[in-house]
Structures are given as structure tokens and as C-alpha cells.
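Numbering (the working numbering), first residue to last: 8 to 155.
For each residue, glycine too, the CB sits at the ideal point set by N, CA and C.
Here it is, written out as C-alpha cells:
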């Protein structure tokens, strides 16, 4: 709890795009074939979370003459359902690719859980390709050391 009065309560809005897709389309709006996988019972609907859900900046004054400090709030999905979507799904939902979200099967509920983290530094998410390159480099380095 800050020692001095802080800023007034503020509301932070985050955009969610949702597309109720036509079930008879083939291919479906997500770019995949109708009747297969997530589109098994008709075209799955598309849910996209706004890119501002990561590192959304806001300021809070702790008092004591320090002045306002910039904080970053980031939302993370914890149940494993939120992932990068195909470009076709992003575009169909009206969002510029790349985007994060999920395609929910027709006639089913999709449950997910979010967590929020507030930091003074921006959250850095490593690019999967970068992690794979580092892992491959370490593997090759290990194999080379074995030969020497």
C-alpha cells in the first residue's frame, strides 16, 4: 500500500475480437477444411485477444516526491488454449496477423484462465525460432566437443 494517496482508480480496457463463423463454409474462416479437426461439427468460431494485453503501460505515483513510475501489466493465458493463429483466422476476425487466440469447436464450450503480472520492466517473450536455434547450437557444440 503506498504511503501517500495514489492516482484515482482507473479502468483498463482490452479488446477481444470474436467471429461467429458460418458453419457451412468450406474452407472455414480459419483456413482449414470443414468437417476436420476443430471444424469437425461445422466451422469453429474464432477468438482473438488484443496485442495490447502484453506490456500495457500505465503510471502510478507512489508519493514521496519520486513522481509517477511507469508499470506494465501483462495478461497470460494459463490453460494452454491460447496460441498463435493462422493468418487466415486473424484476417477473418478483422485483426492484422500475427495474432493470439483460439478456434472454438462448434457447439462446445472453451474454458481458459488468465493471470496478470505487473512489472516495472517490459515482459520479454522469446521467439520460438530463436529458442530452437539456441538449442540446436548447443547440441552441435556438444557433439563437436565429443569428437575432439
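Linking residue 34 to residue 20 through their CA atoms gives a straight-line distance of about 33 Å.
Judged by their CB atoms, residue 121 and residue 66 are not nearer to each other than the 8 Å cut-off.
Under the three-state reduction of DSSP, residue 86 is assigned to coil, being neither helix nor strand. For residue 64, the uninterrupted beta strand (DSSP E) segment begins and ends at 63–68.
Of 123, 73, 109 and 125, the smallest CA-CA separation from residue 25 is found for 109.
Membership of residue 126 in the beta strand (DSSP E) is indicated by the continuous run 121–126.
Around the beta carbon of residue 56, 16 or more other beta carbons lie within 10 angstroms, which makes this residue buried. In this structure, DSSP gives residue 108 an extended state, which the three-state scheme calls strand. Around residue 60, the same chain offers 21 and 82 as residues with beta carbons nearer than 6 Å, after the five sequence neighbours per side are excluded. Exclusion of the five residues before and after residue 32 leaves 50 as the residues of its chain whose Cβ lies within less than 6 Å of its Cβ.
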